[in-house]
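Protein sequence lines, in the order shown, are assigned to chains A and B.
Quick note: the first sequence uses our numbering, first residue 1, plus one each step.
Quick note: the second sequence uses our numbering, first residue 1001, plus one each step.
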Amino acid sequence: MSEPSAARGAQGRARNDLDCTPLIRGAQKEWFAQLREEVAAGRPYVYTDAYAPHEILEAFDLPHVINEWWSGIVAARRQSAYYFDTLESQGYHSGLERYTALGLATVLDDGAAEAPWGGLPKPAFICASAMSARGDALARWEILSRAWDVPLFVAEVPASGLPLPPRWWEIARHGWEQMYPTWQLDRMTETYWDLIRKCEEVTGTRFDIDKLREVMDRANLQQTYFEEIRDTIINGKSPVSMSEQLGNVMTIQWRRGSEWATNAARQFRDEIVERAANGQFSCPDETYRLTWFGAGLWQNTAFYRAFEESHATIFARSMYMSIAIDGYPRYGRDPVRALASRYCGIGLGSLDWEIHDTKRHRADGVVTVGNNIGGRARAAFAEADLPLLILDVDLVDGRTWDEERVMGQMKAFIEEQIMPRRNLSSNNTGA
Amino acid sequence: MTQPLQLLLASYGDPLRTAREAHAQGSPVIARIGLGIPDEIILAAGGFATALAPRLDQPTPLADAFMDPSEQPELRSLLEQIASSQSRFLSLAVLTAPYSALAATIEDLRRVALLPDAAPTSYMEFPAVRGDGARRYAEARVRDLASRIGSATGQPVTTEALRRAIALTNRRREALRTFMAHRRDTAAISGIEAFGAVGAASFLPPAVFTDALDALTASLRSSDRLHGLPRILLVPSSPLTHDRAHAAIEAAGALVIAEDDPLGSRAAEPAIREDEDPMRAIADHYLDQLSGTRAFPADRRLAWFYEEAARPDVDAVIFYGQEPRYGWDHPAMRDFLDSRGTPSTFIRADARTADGFAQVEAAAIALLQTLPTRETGTTP
């Protein structure tokens, strides 16, 4: 096995422009350190995933660490190569899902490496969402549950086999009851009540539905701040780079519903609006815009800024902030059912939304990695006349990074497929 | 080859022929896509139950318009079969896990009038978790499916019709259990033939299949040639809708005596209870029998394997990873085999392609070379 200190993969670091960024990231690191101390003193916490109803945990004051966030932390510290070697040395082959496996890897590791931020403490239980289309994930969660010797609560999402309604993002906030079959909503709601009973058992406290309403209100408010940021990016040059946007949005999003998250989102919004007003942009010469499709390139977020100076090209849009704005807000009298509706179909992977949002951001093309995209999405982007580049690297596995090849592919894509189109478009309009 | 075996293998080789004949004679045909859709409901609604499986040897011109070449070939094939005019003989196609996204795609394309020839489709899945809530939910989904299928065939599902259907399929289950026991104990039939014969259950009327399988079982005679072959338990990453993995392993000189597959040895399942409300009995049965990667907790996926792999007639185990993402359970299963001294290998390949077939065969040969020679003519 390779030395833990021998970081492999991309080595560059993204430059940050915003004053709020170190504050947000510092607060998250501090929160995690405090969590470790509190857990050591006996406080329960929950290890969970991105599709679990975090607001319920927040309503119980149950701290929660999200698997995908932890993967991002490990990858950003350039430790993914070491941990994937660890998994493979234990028989978990390289074809298995990687993005969500780094949490397990850090727990199964024999301790040769220093895990990020001191490592994951042992939770009171694991709360994992389960979708029938991704059945292989359950075995991974069970391995983690056994490794920690803690219970695994599975929040199964029943599939309807139905697409979301056209332009679902215009009705999801208030009209969610009409978006899904009643039986699906009923079942999801029942599952969340089971989770509530599990939280009552773990915390020894009764569920307070008014507290959940307050959490939901804060989460909804947070998304309105994100929406103002998105509007600012759409309506002019972008005051924030994608690497900075991703980090800030997701740090806040993983703690949505807390007072800290609401305040951090407001602070983020204020600075973006102010920068736009002052003409401060991440790439002052911004000319071309790209969308990043699917989950983020967490092993190298510096990549998103690599073409600002050389090609006046930025990444303006990713799914993370847009799904937070369009897919997460839920208003309604029954907060448990409202939450359940979010996870009956959150809108990720909905191609009409992806294309609408890409065009709304005035993006000239789309970039992603092979694991992020299927045949229908490729066909949809082609139909929408959006050039697409698919990089042959993994989102989190640093061993797959080839700086020269990736940069060469990007350069060719921008110069051969993006720039000529804009020039052609300018010529056609007489500009 | 005996006549019953010929009949069963002919059906397996031309799976939709009987369904088309039934359609020509006026029977509404309901197709199941994926495992765990109760055919008792289709039978009780007066329908002919068949299965649609991916056919990678067929062109997919219609699917090609909506899915680019990188899409999984299984999905392209299924979309083609459902959406093209070749599906006109279907009154309804019911999809289940893991095809929820495919079902949604079909509805999405239908919504914008891009699939004018597509068969009507419906989706249902049983929950992966256990518990009282899951049981109530499963029963409600079964009742809903009965209503949808009854509408498609024009014949509402009655309790009496369901009871008759359960009796028919239970007789089939009994025949399967008997056949599987003989297959393993007598070494009288190759794995590829056994798997094909059992696979015909998805395409033939239950009574026709059961009679043929019973006759085949009665005709089985121990074979010295097969007795001398190393005995393999095959563990595929997902239910096998083809016999290419069996063919590659047996081409290497082994005998597949069982497979961890609901379309193979695990088809020898218990009967549905006949002494309670049939809707509830069907829901309970299919919920309990759910297997595969989405079954939770682990014992639902793995108990069959641990029991069968521990039997003394298993010389080696081959894990066949057709799906690249299969394998989280594998290290624990491998450790179990290692602790018992049972050799195993894990092959990540698709035996439906020429290269994949060669890889499976080569890996099987390498595994067999590590085994002691089995004494010809001895019954394990």
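Note that the Cβ used here is the ideal one computed from N, Cα and C, for glycine as well.
Chain A contact for residue i (CB, 8 Å cutoff)
i, result
"R1348(B)", "yes"
"A1366(B)", "no"
"M1180(B)", "no"
"D1329(B)", "yes"
"L1095(B)", "yes"
"G1292(B)", "yes"
"D1068(B)", "yes"
"A1298(B)", "yes"
"T1105(B)", "yes"
"E1071(B)", "yes"
"D1108(B)", "yes"
"R1225(B)", "no"
"Y1012(B)", "no"
Cβ of residue i within 8 Å of any chain B Cβ
i, result
"L395(A)", "no"
"D19(A)", "no"
"D136(A)", "yes"
"R187(A)", "yes"
"H356(A)", "no"
"N428(A)", "Because N428(A) carries a pLDDT of 47, less than 50, the predicted location of this residue cannot be relied on, and the following value inherits that uncertainty. For N428(A), the answer is no, since every Cβ of chain B falls outside 8 Å of its Cβ."
"I143(A)", "yes"
"E3(A)", "Residue placement at E3(A) cannot be trusted, given a pLDDT of 42 that sits under 50; the coordinates are not used to answer."
"A6(A)", "Residue confidence for A6(A) is low, a pLDDT of 44 falling below 50, so the modelled location carries little weight and cannot support an answer."
"P387(A)", "no"
"L476(A)", "With chain A running from 1 to 431 in the structure shown, residue 476(A) is simply not present."
"Q417(A)", "no"
"F413(A)", "no"
"R421(A)", "no"
"G374(A)", "yes"
Residue nearest to residue i in terms of C-alpha spacing, selected from the options
i, options, result
"E1276(B)", "Y1326(B), R1163(B) and R1301(B)", "R1163(B)"
"E142(A)", "P1372(B), H1330(B), Q1359(B) and A1254(B)", "H1330(B)"
"T251(A)", "N16(A), K29(A) and G12(A)", "K29(A)"
"P1230(B)", "R1221(B), G1253(B) and L1337(B)", "G1253(B)"
"R1135(B)", "T1241(B), A1083(B), H1227(B) and A1281(B)", "A1281(B)"
"I1347(B)", "L1287(B), L1078(B), I1318(B) and R1325(B)", "I1318(B)"
"P121(A)", "A33(A), R187(A) and E97(A)", "A33(A)"
"A1218(B)", "L1176(B), E1269(B) and S1091(B)", "L1176(B)"
"A10(A)", "G398(A), G26(A) and D109(A)", "G398(A)"
"L152(A)", "R15(A), E88(A), A124(A) and E170(A)", "A124(A)"
"D1243(B)", "V1208(B), G1154(B) and L1009(B)", "L1009(B)"
"D334(A)", "L212(A), Y180(A) and S258(A)", "L212(A)"
Check whether residue i and residue j have beta carbons under 8 Å apart
i, j, result
"F1296(B)", "A1140(B)", "no"
"A113(A)", "Y82(A)", "yes"
"A1258(B)", "E1308(B)", "yes"
"L1233(B)", "G1191(B)", "no"
"L144(A)", "G103(A)", "yes"
"S475(A)", "V396(A)", "One cannot answer for residue 475(A) here, as it falls past the ends of chain A, which runs 1 to 431."
"S1237(B)", "Y1320(B)", "yes"
"L1079(B)", "I1106(B)", "yes"
"A1283(B)", "A1138(B)", "yes"
"L1056(B)", "R1352(B)", "yes"
"I1030(B)", "S1091(B)", "yes"
"G294(A)", "R1294(B)", "no"
"D1313(B)", "R1184(B)", "yes"
Integer-rounded CB distance, given that residue j should sit under 8 Å from residue i
i, j, result
"Q90(A)", "P116(A)", "Wrong, their Cβ atoms sit about 20 Å apart, outside the cutoff."
"P1239(B)", "G1292(B)", "7 Å"
"I323(A)", "R269(A)", "Not a contact, Cβ separation roughly 17 Å."
"Y288(A)", "R206(A)", "Contact doesn't hold; Cβ gap of about 55 Å is too wide."
"G375(A)", "E1071(B)", "3 Å"
"L246(A)", "G327(A)", "Between G327(A) and L246(A) the Cβ distance is about 17 Å, and since that is not below 8 Å, they are no contact."
"P1384(B)", "G95(A)", "The structure shown has nothing for residue 1384(B), since chain B only spans 1001 to 1380."
"A155(A)", "A130(A)", "7 Å"
Chain D residues whose Cβ lies nearer than 7 Å to that of residue i
i, result
"S341(A)", "In the structure shown, chain D does not exist; the protein chains are A and B."
Residues within the region 1029 to 1057 of chain B neighbouring chain A, beta-carbon criterion of under 8 Å
Residues passing the 8 Å Cβ filter: none.
Along the region 73 to 99 of chain A, where does the CB come closer than 8 Å to a CB of chain B? Name the residues.
Cβ contacts with chain B come from Q90, G91, Y92, H93, G95, L96 and E97.
At a Cβ cut of 8 Å, what residues of the region 192 to 208 of chain A count as close to chain B, listed as they run along the chain?
Taking 8 Å as the upper bound on Cβ-Cβ separation, chain B lies near residues D194 of the region 192 to 208 of chain A.
Contact list for the region 1124 to 1142 of chain B against chain A, Cβ threshold 7 Å:
Under the 7 Å Cβ criterion, the region 1124 to 1142 of chain B contributes E1125, P1127, A1128, V1129, G1133, Y1137 and A1140.
Please identify, using Cβ separations under 9 Å, the residues of the region 1305 to 1326 of chain B that lie next to chain A, in order along the chain.
The residues in question are G1321, E1323, P1324, R1325 and Y1326.
Just by C-beta distance, which residues in the region 1330 to 1344 of chain B are closer than 7 Å to chain A?
Against chain A - using a Cβ distance shorter than 7 Å - the residues of the region 1330 to 1344 of chain B are H1330, P1331 and R1334.
Below 7 Å between beta carbons is the criterion; list the residues of the region 105 to 136 of chain A that meet it against any residue of chain B, in chain order.
Cβ contacts with chain B: A130, S132, A133, G135 and D136.
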